[in-house]
Amino acid sequence: MSNFLGNDSEPLPDGIVWLHFKQGDQRAFKVLYQRYFKILCRYGCRLTLDRQLLEDAVHDIFIDLWRRREHLAEVENIKFYLFRALRNRLVRNGRNNIFENSEDIDGFLDYLVSLSSEQQSIDSESLQARVKRVQDAVENLSDRQKEVINLRFYHGMSLDDISQLMGLSKQSVSNLLFKSYAVLRLRLKELSFLTMLLSMA
Amino acid sequence: MNDERLNPENLLNNDSFINWVLRKEDSFVWNEFLRANPDKQALIERARQVVLELHEAEKNLPAALDEDQVWSRIESSMKDEETSSMRTGKSRAGFYWLKKAGSLVAAIGVILGAWNYYYGQKRITYKELITHAEVENKLLEKVNTGETPMQISLGDGSVVTLGKNSKLSYPPNFQKQKREVYLSGEAFFNVARDASKPFYVYANETVTKVLGTSFEIKAFENSKSVTVDVRTGRVSVYKQSGIQSMDPEVTGLVLLPNQKVTFDRDEQSLKKNLVDTPLPIANLPAEYKKKFEDVQATDVLKEMEKIYGVRIIYDHELLSKCIVSTSLRSESLYDNLDVLCKTIGGTYKEIDAQIVIESKGCAGE
Numbered sequence: 242m243s244n245f246l247g248n249d250s251e252p253l254p255d256g257i258v259w260l261h262f263k264q265g266d267q268r269a270f271k272v273l274y275q276r277y278f279k280i281l282c283r284y285g286c287r288l289t290l291d292r293q294l295l296e297d298a299v300h301d302i303f304i305d306l307w308r309r310r311e312h313l314a315e316v317e318n319i320k321f322y323l324f325r326a327l328r329n330r331l332v333r334n335g336r337n338n339i340f341e342n343s344e345d346i347d348g349f350l351d352y353l354v355s356l357s358s359e360q361q362s363i364d365s366e367s368l369q370a371r372v373k374r375v376q377d378a379v380e381n382l383s384d385r386q387k388e389v390i391n392l393r394f395y396h397g398m399s400l401d402d403i404s405q406l407m408g409l410s411k412q413s414v415s416n417l418l419f420k421s422y423a424v425l426r427l428r429l430k431e432l433s434f435l436t437m438l439l440s441m442a
Numbered sequence: 006m007n008d009e010r011l012n013p014e015n016l017l018n019n020d021s022f023i024n025w026v027l028r029k030e031d032s033f034v035w036n037e038f039l040r041a042n043p044d045k046q047a048l049i050e051r052a053r054q055v056v057l058e059l060h061e062a063e064k065n066l067p068a069a070l071d072e073d074q075v076w077s078r079i080e081s082s083m084k085d086e087e088t089s090s091m092r093t094g095k096s097r098a099g100f101y102w103l104k105k106a107g108s109l110v111a112a113i114g115v116i117l118g119a120w121n122y123y124y125g126q127k128r129i130t131y132k133e134l135i136t137h138a139e140v141e142n143k144l145l146e147k148v149n150t151g152e153t154p155m156q157i158s159l160g161d162g163s164v165v166t167l168g169k170n171s172k173l174s175y176p177p178n179f180q181k182q183k184r185e186v187y188l189s190g191e192a193f194f195n196v197a198r199d200a201s202k203p204f205y206v207y208a209n210e211t212v213t214k215v216l217g218t219s220f221e222i223k224a225f226e227n228s229k230s231v232t233v234d235v236r237t238g239r240v241s242v243y244k245q246s247g248i249q250s251m252d253p254e255v256t257g258l259v260l261l262p263n264q265k266v267t268f269d270r271d272e273q274s275l276k277k278n279l280v281d282t283p284l285p286i287a288n289l290p291a292e293y294k295k296k297f298e299d300v301q302a303t304d305v306l307k308e309m310e311k312i313y314g315v316r317i318i319y320d321h322e323l324l325s326k327c328i329v330s331t332s333l334r335s336e337s338l339y340d341n342l343d344v345l346c347k348t349i350g351g352t353y354k355e356i357d358a359q360i361v362i363e364s365k366g367c368a369g370e
């Protein structure tokens, strides 16, 4: 049996691990878990703030995966498959209303009011501080905007995949991203964003 | 790359650009582009910065969950899964409902559904019942370790007589729509009538539902069966069936006074019989004695049916010819039947919680 963890050589491609897992190999299943747990959490935390809900959903999708392993098709893109499973599960397990929330502009407006008081120079900012500021800026986005920013810039997902995952047209995803940029642009006046976007306008 | 469309936001929405920045893919395309358009270098670099900053920002979100802890949970669910599929392969639809279950009854049903799923036909313990009931409601518990029966008055006026080595858990205040208690061991229930608030007794794998009545339940954890004996009123008893049937009562049995149900915990079956000592359903004085002189045997039988609430089946034509003089006392149905059968030369037996009288009749004068 191949070494799933790939200690001594290249790690096995997902496709091969997936095949072993489908044949009921628990080690392969664990490898999939180890490969995708963190990634899933990094997306999941944009879908719900409720840790218990997220844990339940992650648990449920892996158990579901294990239970239905024999009936699963070949999966080209495991990450996409798991993301969709997680999203669907969170919708089904309910309670968080992220998916019904429309774009929430109020939080952003509140933020704008407070913004004028903080005038910091970028040059003096460390990378860490910049990241923090970007984080704060992202926090002002609506839930769906956060989700789309997460998928796009953390997970590097294509517009096609995002549109399939979120159940939106590609155009809507694109618009959602543009709207997010607009918010971020205002939020990050002092950062590269502003300079860049204004200079281009 | 079309120059006219090259603004930072379009770059951010370009899949190839993102792939290049985050995964170092497509670098040939972008290096080539930069070489051909040195004036765009600053723009590209800034867009790249934005992607990286957003990536970092999202990466540094607080880690929500503990990887090992979630894995142990998954592993233990997998084990349960194997056990269960080896035993029965029951439906597990209930599992996800668990969190949503609104009412206590639904919660219990669903929880049991989940148990069935996990453990096959595992026996349900009192402790499990309590643990899950307490999610919704704080419960009081009375334990009778003494030798004498213990009287417990519930908030609704019902009185429970708890046998020895038995436990009863109940909420200090019942819910609006229903009264629910949990029993381990044996108890006699005298339930205050309240048609709008059914009274449920959960005992091992059975549920006994009543509106107002008196009955006795024996449900010891280590015993093979659960029995419910009905004194008065009407009771329905059913198996905890989880969520398979919308109304588990449909598969249960309705008990009338002097009937009892035995639930076989191994076979998961319910069987209805008469109680061992059927007593008059109305509170008759101990010295009660109803005399009959020269009446048809059928009249006596009709009276017995009335007093004990037990259906008696006999050949009416045949037995109406039997003229008897006898009396009914407030004792067990069987004592009275013995006397009557002797006089008409017949026998009786109990079938399906009914009495069937066999007699050749009294044709010969």
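Line order of the protein sequences matches chains X and H. What the first sequence shows, in my numbering, is residues 242 to 442, in sequence order. What the second sequence shows, in my numbering, is residues 6 to 370, in sequence order. All C-beta atoms, glycine included, are put in the ideal place defined by N, C-alpha and C.
Residues in the same chain with beta-carbon distance under 6 Å from residue i, minus the five sequence neighbours each way, listed in chain order, please.
i, result
"H:Q301", "S325"
"H:N24", "E30 and D31"
"H:G162", "A197"
"H:N12", "none"
"H:S21", "D31"
Run the CB neighbour count on residue i, radius 10 Å, all protein chains shown included, and call it buried at 16 or more, exposed below.
i, result
"H:G190", "buried"
"H:E50", "exposed"
"H:P43", "exposed"
"H:F33", "exposed"
"H:L16", "buried"
"H:P285", "buried"
"H:L345", "buried"
"H:P262", "buried"
"H:A138", "buried"
"X:L290", "exposed"
"H:P176", "buried"
"H:G350", "exposed"
"H:A287", "exposed"
"H:M91", "Any answer about H:M91 is weak, because its pLDDT of 47 lies below 50 and its placement is not dependable; what the coordinates show is given next. Its Cβ having fewer than 16 others within 10 Å, H:M91 is exposed."
Measure the CB-CB distance between residue i and residue j and report whether it falls below 8 Å.
i, j, result
"H:S335", "H:P290", "yes"
"H:E310", "H:I317", "yes"
"H:K265", "H:V280", "yes"
"H:E72", "X:F262", "no"
"H:R270", "H:V231", "yes"
"X:F303", "X:Y274", "yes"
"H:E63", "X:F419", "no"
"H:N209", "H:V164", "no"
"H:G151", "H:K169", "yes"
"H:E146", "H:S174", "yes"
"X:L294", "X:L323", "no"
"H:L371", "X:R385", "Only positions 6 to 370 of chain H appear in the structure, and residue 371 of chain H is not among them; the question remains open."
With residue i as the anchor, note down where its alpha helix (DSSP H) starts and where it stops.
i, result
"X:M407", "L400 to M407"
"H:Y243", "Premise fails: H:Y243 lies in the beta strand (DSSP E), V240 to K244, not in any alpha helix (DSSP H)."
"H:Q46", "Q46 to K64"
"H:I312", "A302 to Y313"
"X:Q386", "D384 to I390"
"H:Y293", "First-last for H:Y293: undefined, no H or E at that position."
"H:V196", "Where H:V196 is concerned, there is no enclosing alpha helix (DSSP H), given that its DSSP letter is neither H nor E."
"H:S21", "D20 to R28"
"H:L279", "Not the alpha helix (DSSP H): H:L279 falls in the beta strand (DSSP E), residues S274 to L279."
Which first and last residues belong to the beta strand (DSSP E) in which residue i is found?
i, result
"H:D224", "A quick correction: the sequence has Ala, not Asp, at residue 224 of chain H. That run of the beta strand (DSSP E) goes S219 to A224."
"H:S364", "Q359 to S364"
"H:S335", "Premise fails: H:S335 is in no beta strand (DSSP E) and is neither H nor E."
"H:A377", "An answer regarding residue 377 of chain H cannot be provided, because it is not within the stretch 6 to 370 covered by chain H."
"H:R236", "S230 to T237"
"X:S415", "It is not in any beta strand (DSSP E) - X:S415 instead sits in the alpha helix (DSSP H) that spans K411 to R428."
"H:E355", "G351 to I356"
"X:L260", "Where X:L260 is concerned, there is no enclosing beta strand (DSSP E), although the alpha helix (DSSP H) it sits in stretches over D255 to K263."
Which residues in the same chain have their Cβ closer than 7 Å to the Cβ of residue i, if we skip the five residues on either side of it in sequence?
i, result
"X:D255", "I319"
"X:I390", "V379, L382 and S421"
"H:L323", "S364 and G366"
"H:T282", "S337"
"X:V258", "F245, A269, V272 and L273"
"X:I346", "The pLDDT assigned to X:I346 is 40, lower than 50, so where the model puts this residue is not dependable; a value taken from the coordinates is nonetheless given after this. Excluding residues within five positions, none has a Cβ falling inside 7 Å."
Give me, in chain order, the residues of the same chain whose beta-carbon lies closer than 8 Å to that of residue i; leave out the 5 immediate sequence neighbours on both sides.
i, result
"H:F179", "L159, G160, D161, E185 and K202"
"H:N36", "none"
"H:L39", "K45, Q46 and I49"
"H:S241", "T213, K214, V215, E254, G257, L258, V259 and L260"
"H:D340", "R334"
"X:L327", "L281, Y284, G285, L288, A298, V299 and I302"
Inset, instruction - Output the residue ranges of the alpha helix (DSSP H) runs that lie fully inside the stretch 284 to 321 of chain X and measure 4 residues or longer, sorted by chain position. - result: 292 to 308
Whole runs of the alpha helix (DSSP H) within the stretch 127 to 157 of chain H, excluding any shorter than 4 residues
131 to 138
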